[in-house]
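So the sequence shown is numbered by this note's numbering: it starts at 9 and just counts up by one. Right, one structure below, let's go through it.
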Amino acid sequence: MEFVADKIGRRVCPKGTVGVFHLVIKSGSDNFRESSILDIMKWLRGDGYRVIVYEPTVRGEYKEFPVEEDLDRFRDGCDIILANRMAEELEPVIGKVYCKGKFNKD
Numbered sequence: 009m010e011f012v013a014d015k016i017g018r019r020v021c022p023k024g025t026v027g028v029f030h031l032v033i034k035s036g037s038d039n040f041r042e043s044s045i046l047d048i049m050k051w052l053r054g055d056g057y058r059v060i061v062y063e064p065t066v067r068g069e070y071k072e073f074p075v076e077e078d079l080d081r082f083r084d085g086c087d088i089i090l091a092n093r094m095a096e097e098l099e100p101v102i103g104k105v106y107c108k109g110k111f112n113k114d
């Protein structure tokens with residue numbers, strides 16, 4: 009977890025906004041209560057980054073992290089976006105996306 013958070017942190021300088029695109033690990037699932045991304049989110053916040061979430065199934069906030077319900081505002085407001093897998097909705101901001109499936113490189 010710390011390795012991933014550190015790698016993300018090095019891409020966002022100065023301390024900026026990190027977006028988390030969906031909390032679920034498995035496509036089609038709505039179970040994210042024990043999502044491992046939460047540890048990364050906490051580490052980044054503790055290191056001074058603003059962390060916001062885009063998760064249409066959640067309103068308000070998730071475990072004290074703000075949830076942005078508008079996809080355009082989410083994409084525009086993030087310096088980097090963490091995603092478990094590349095999604096069509098992220099193609100307009102592909103340069104901001106960090107995920108292992110983006111180009112099969114990360």
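Note that CB positions come from ideal geometry on N, CA and C, so glycine has one too.
Mapping DSSP to helix, strand and coil, what is ASP114?
The pLDDT assigned to ASP114 is 41, lower than 50, so where the model puts this residue is not dependable; a value taken from the coordinates is nonetheless given after this. Coil, per DSSP.
How about GLY68 and VAL75: do their beta carbons lie closer than 8 Å?
Contact flag set, yes.
For LEU79, tell me which candidate among VAL101, GLY24 and PHE73 has the shortest Cα-Cα distance.
Comparing Cα positions, the closest option is VAL101.
Which residue marks the beginning of the alpha helix (DSSP H) containing ARG53, and which one marks its end?
Run containing ARG53: 45-54, per the alpha helix (DSSP H) assignment.
Can you look up PRO74 in the DSSP assignment and give me helix, strand or coil?
Note: PRO74 maps to strand in three-state DSSP.
In angstroms with no decimal places, state the Cα-to-Cα distance between GLU99 and ILE89.
Looking at the two C-alpha atoms, the distance is approximately 11 Å.
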